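Input: a single structure, listed below in structure tokens.
Residue numbers (the UniProt record's numbering), protein chains in the order written: chain S, 1 to 555; chain P, 1 to 555.
Printed below as a string of structure tokens:
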């Protein structure tokens, strides 16, 4: 069996300018980054404003498991298959983070014969967007600490600083640090925290900003601290948001690459899916919708988090209407939900499958609550039996949902045809009645309760004392109309990671609320959220290197 | 008077592929980064190995002052003027650092009509080289702390960790930090330090590495810590140097841009000039020497540090022979050395000028000690009088040294013709007898004494107890043959920043020695060296932003 990197390195890529030309983008509208990567120019992006005509296809999934469901692989394979069927389609994905690349996960550019390329570049620095975000994030932090050091005219309370530094690295010792040790000249001492770059509010802002003007306004609105009177201090007050916008100017432009089959992929932005909304940039999605008849995109985690945020935050902010949501799952995953230990999930087990299907059923119901028709994609593994597959198909048919077997990992676009046809039929049936669940009129507590009951299937919501106080403050503020962004475990529909399948009789516990005023949402923390991962005992970095002048170890 | 940015923005740049073509580089050998920046492909660089035929011109200076001498501007202007005179010439410069750009200094891409462009890009992320170095540096740090957290099989002594984290930012509170606070899962607590990226040993390594193989070997050799037995722990022991090399693969390729007059400039690497050698990469310099008849390059600080390191470290490592050294100075600077306060340096003052010339004289003598002929370049200011200029010219003529007035800042290449002609005459005279001062056979203490007496004009060397111990250890080690890299104040020939002119009767005090085994030198600290700058009360970042969709505030 070849590795993803080996498969990718065997393909002769087309110059990206040629790929772009097939979609009506002339070379003068590209900023090339080598031969196989490009950014769309700012003037081209501006010119596409309002031209969005394509159909928007969301790829989401059942709750993620350690087994891997292959959402990115399905997205790329579906796009290749739509092109194979003669449709003009583009896939829009998130940019991978360096941290996980050197940690456990390896790369994040699809798999098998459904990959985007050049995958080494995409997984490493790509076009430098994340580095630009790191720089802008840390410029704000440096200016803040410098402001305090130089006399603290804004009377920032050093115990109430919200803004954190960041690095695109899995580095657990930076979670909690003390900065400013040393002498008077070395600044004011305080506790600080580093996040991984994808958790920076600037990442969410970049992905939600419509244009440079919107970006600037969102940067200005970031709440960085409280002053000694307890009032909010904004990034704008520190007078460095102009420089931050300048640092982000290239990062704002969507990146073009190609799939191994030579179809266009836009890869742009990659916010966390817990404390942020987990989708690629609005600009990338809109660009795809302007340039093609179909735009396939994915959202982070399972549909309870990813699809909900895609609908309630991203589509709401961008005024987008999705045409169809593909829910990716695997037989192995369903049996795992059904209670089977990992060793047994490759064996046939109708009982476990049936029980696990409750999870899929809930996600189908959830997607329909937004007025979006669902298609189930079963990412096929070699051990899947025909009996189980047809059982799953019957299950979906009984619920009026199309279900397709997806084999793009092993077969490329040919293996994606069944899913592409199911998607096309669904879109042509036109059963869309899209609406968000969250609305600006709802109070924050109503939005939280709505998600808890409607999406997670909880009986209600519990608040910690801290959360209750923060809720009160926020509901009395000008931020009460913002959507909420739930940060809960992705592994369960509930807020308890070990409650698999379709849990019942539980309440969602909200520990903390925090404001991302620049991004434009209120983060609700239902559980511990790690915003700076650590490296495992054997980091993937150990396997990465050169062999015979070729990169090895990225997968 | 127009700002540098305004002048730069008025020029219509040529596509970089066209500029490169004039130097025999076809587009297939370029990795474009937008239309006006490119990297040379690895295969092209490899093919140039051994083809270096051009003459190497070093631009150095008298000791730097707060007034600015304009070394980069002179380098760019000289190159433009050589091209104007029909010579095929390329200029090789260091990449600017983001830290100073947002701090005091603004940009670093020349000035007036002698600039490289696009200066906004060059001053910001450019082609991402510094970000790649930051990533590689911090991957090593994360893997080191992870190693300790996961059981510390190498028995690293947490009190003897030498490797520091880095960021390309002026951020004083990161100079001294405690990392690893929190719980057991948050890693081991210890004191740590951030440097600015240009101070990372990886920056020096990248600039001294001949090729990817050499890079890998140098990364392997980095000493990151001591173990509990007091033995050195190397980066290789942490098994992440392959991943570091992969992160650095694009950063190893020289970057092409153009001057405002459309002549080729290679901008690549930018190590500190105190704890490192302060020159652009060996690869960039060699590339220029292979592609043109002249390669103009600069070294950091004044000739006592910059030129010495250029000769003893860079030329020695690369096997390069310089043909001529241009020593940049200004009348204002010379009068400042002569004891005039800043308010009076623009007025004629023969006495101060005469006294200040002692500094220039010493630098001329120093350059000659390496067997390299010197040319003095007087970077002209509007207040300079003809009387003073001819006094300076006579002074140089009496010492058999050509002297040229340089006006490229205000007039572009036309203003650089006098200097270009002086350089051409000097090169054609062929009075080169190049040899390094430092040699591998000398003991480390001999090398230190040699520089102290021969270059700085000191009576001798004093060692702190700490330095004496380190010296002993190093002289007994396999590292005793490495060149030394002096980290002393650039503002004086001595190690006391306030001793201007040509100080006498002083001894150099060595406080500390430290090994940069990957870079391949021993750093001698004669004084405090700041490797993480801070922001000033009014950071330049405050003025940077967009106005009418154009960047403003970078200068």
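Note that the Cβ used here is the ideal one computed from N, Cα and C, for glycine as well.
Bear in mind the structure is a predicted one, so any value in this text is a computation, not a measurement.
In this structure, the alpha-carbon of residue 390 of chain S lies about 11 angstroms from that of residue 378 of chain S. Listed in chain order, the non-local C-beta contacts of residue 276 of chain S below 6 angstroms within the same chain comprise 204, local neighbours out to five positions each way being set aside. Exclusion of the five residues before and after residue 460 of chain P leaves 449, 452, 453, 507 and 508 as the residues of its chain whose Cβ lies within less than 8 angstroms of its Cβ.
In the three-state reduction of the DSSP assignment, residue 100 of chain S falls in the helix class, which pools H, G and I.
8 angstroms or more divides the Cβ of residue 283 of chain S from the Cβ of residue 322 of chain S.
For the 8 angstroms CB-CB criterion, residue 315 of chain S and residue 57 of chain S do not form a contact. Taking a Cβ-Cβ threshold of 7 angstroms, the residues of chain S close to residue 150 of chain P are 537, in chain order.
For the set P:29, P:244 and P:533, the Cα lying nearest the Cα of residue 42 of chain P is the one of P:29. Per DSSP, residue 202 of chain S has no beta-bridge partner at all. Annotation: residue 395 of chain S to residue 197 of chain P spans about 57 angstroms, alpha carbon to alpha carbon.
Unbroken beta strand (DSSP E) runs of no fewer than 3 residues, entirely contained in the stretch 456-488 of chain P, are found at 460-463 and 484-488, following chain order. Rounded to whole angstroms, the gap between the alpha carbons of residue 218 of chain S and residue 429 of chain S is 39 angstroms. Between residue 423 of chain P and chain S, the shortest Cβ-Cβ separation is not below 8 angstroms. Listed along chain P are 135, 138, 139 and 142, each with a C-beta nearer than 8 angstroms to that of residue 169 of chain S. By the Cβ test, the stretch 124-134 of chain S is not in contact with the stretch 136-144 of chain P, since fewer than three Cβ pairs between them sit closer than 8 angstroms. In this chain, the alpha helix (DSSP H) harbouring residue 390 of chain S covers 386-398. For the 8 angstroms CB-CB criterion, residue 36 of chain S and residue 96 of chain S do not form a contact. Between residue 360 of chain P and residue 72 of chain P, the C-beta gap is not smaller than 8 angstroms, which leaves the two residues out of contact.
Exposure of residue 1 of chain S is indicated by the presence of fewer than 16 other C-beta atoms within 10 angstroms of its C-beta. Close to residue 131 of chain P, with beta-carbon spacing below 7 angstroms, are these residues of chain S in chain order: 125, 128 and 131. In the DSSP annotation of this structure, the continuous segment of the alpha helix (DSSP H) that includes residue 135 of chain P starts and ends at 129-149. When the beta-carbon positions are compared, residue 211 of chain P and residue 236 of chain P stay at least 8 angstroms from each other. Our two residues, residue 510 of chain P and residue 545 of chain P, have alpha carbons roughly 44 angstroms apart in a direct line.
Any Cβ of chain P closer than 8 angstroms to the Cβ of residue 507 of chain S would place that residue at the interface, and such an atom is absent. In this structure, DSSP gives residue 111 of chain P an extended state, which the three-state scheme calls strand.
Under the criterion of beta carbons closer than 8 angstroms, residue 31 of chain P and residue 39 of chain P qualify as touching, at roughly 4 angstroms. Taking 8 angstroms as the CB threshold, residue 4 of chain S stays off the interface with chain P. Beta-bridge partners of residue 216 of chain S (DSSP): none assigned. Of the candidates S:146, S:417 and S:442, the residue whose Cα lies closest to the Cα of residue 238 of chain S is S:146.
For the stretch 224-246 of chain P, the residues whose beta carbon sits under 7 angstroms from a beta carbon of chain S are, in order, 239, 240, 242, 243, 245 and 246. In terms of Cα proximity to residue 505 of chain S, the closest of S:87, S:346, S:493 and S:15 is S:493. Nearest neighbour of residue 304 of chain S by Cα position, chosen from S:491, S:195 and S:109, turns out to be S:491.
In the same chain as residue 525 of chain S, and ignoring 5 residues on each side of it, the C-beta atoms closer than 6 angstroms to its own belong to 487, 511 and 512, in chain order. Fully enclosed beta strand (DSSP E) runs of no fewer than 3 residues occupy 30-32, 38-40 and 55-61 of the stretch 26-89 of chain S, in order along the chain.
Neighbourhood of residue 205 of chain P in chain S, by CB distance below 9 angstroms: empty, with the nearest CB roughly 16 angstroms away. Comparing alpha-carbon positions, the option among S:288, S:444 and S:242 lying closest to residue 20 of chain S turns out to be S:288.
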